[in-house]
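Peer 1: 1129 is the number of the first residue of the sequence shown in this note's numbering; add one for each residue after it. Structure incoming, see below.
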Amino acid sequence: MPNLLFRGFDISASAMSAERLRMTVAAENLANAQSTRPLADGLPYARQRVVFRAELDRAGQLTGQVRAEVVPSPRYVQRYDPEHPDAGPDGMVTMSDIDPILELVDLLTASRSYDANANASRNLLRMHESALRLGDIQG
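Have a look at this one:
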């Protein structure tokens, strides 16, 4: 029975954790939107995105919780700028294809989803407190 009692909190907590990761990744993408400096793989920063997956219990049933995973979404654009320090011998500069507006929308959406899950947790806590008070009154 204790698992059922706290299941709603676990679901909200996993969603809040996933949304926090989504906000972090969107902010990192924004910070690197104009990056051209080649990394160890010879390419500049690659846009990241967060993929959500439903969690299953040992019996293969949905738990209501979510697991978030960061995956690269490497798309690049090139522009001609022979004076740029990161330009190749052909004068082309490679940079990640990051749309700042898309990242800002993702950041805003993740923030709102985080707030909604925090509110759900607070309301669930109030419901538990009310149930305990009712039990006290009747007992």
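Backbone N, C-alpha and C fix where the C-beta goes; we use that ideal spot for every residue, glycine too.
Quick one: is GLU1197 buried, meaning 16 or more other Cβ sit within 10 Å of its Cβ, or exposed?
Peer 2: By the neighbour-count rule (16 or more Cβ atoms within 10 Å), GLU1197 is not buried but exposed.
Peer 1: Could you round the C-beta distance between PRO1210 and GLY1219 to whole angstroms and report it? I think they count as a contact, below 8 Å.
Peer 2: Contact flag correct, Cβ pair sits at about 3 Å.
Peer 1: Using DSSP with H/G/I as helix, E/B as strand and the rest coil, what is THR1191?
Peer 2: Correct three-state label for THR1191: strand.
Peer 1: My assumption, with CB atoms under 8 Å, is that ARG1177 sits in contact with VAL1153. Please give the rounded CB distance.
Peer 2: Yes, they are in contact, since the Cβ atoms of ARG1177 and VAL1153 sit about 7 Å apart, within 8 Å.
Peer 1: Note the first and the last residue of the continuous beta strand (DSSP E) segment covering GLU1183.
Peer 2: Segment 1176-1184, the beta strand (DSSP E) holding GLU1183.
Peer 1: Could you check whether ARG1186 and ARG1195 sit closer than 8 Å to each other, using their CB atoms as the reference points?
Peer 2: No. Outside cutoff.
Peer 1: Checking the sheet assignment: what are the DSSP bridge partners for VAL1233?
Peer 2: DSSP, once it has assigned bridges, lists no residue as partnering VAL1233.
Peer 1: Could you give the distance in angstroms between the alpha-carbon of PRO1166 and the alpha-carbon of ILE1226?
Peer 2: Those two C-alpha atoms are separated by around 16 Å.
Peer 1: Between which two residues does the beta strand (DSSP E) containing THR1222 stretch?
Peer 2: Its beta strand (DSSP E) spans residues 1220-1224.
Peer 1: Check this for me: beta carbons of SER1224 and SER1145, under 8 Å apart or not?
Peer 2: No; because the gap between Cβ atoms is not below 8 Å, this pair is not in contact.
Peer 1: Excluding sequence positions up to five away, which residues of its chain have a Cβ less than 7 Å from the Cβ of PHE1137?
Peer 2: Taken in chain order, the residues that qualify are SER1249 and LEU1252.
Peer 1: Excluding sequence positions up to five away, which residues of its chain have a Cβ less than 6 Å from the Cβ of SER1201?
Peer 2: Closer than 6 Å at Cβ, skipping near neighbours: ARG1175 and ARG1177.
Peer 1: Where do the ends of the beta strand (DSSP E) carrying ARG1207 lie?
Peer 2: 1204-1208 is the span of the beta strand (DSSP E), which, as asked, contains ARG1207.
Peer 1: Mind checking whether THR1090 and PRO1172 have CB atoms under 8 Å apart?
Peer 2: With the chain represented from 1129 up to 1267, any question about residue 1090 goes unanswered, as that position is not in the structure.
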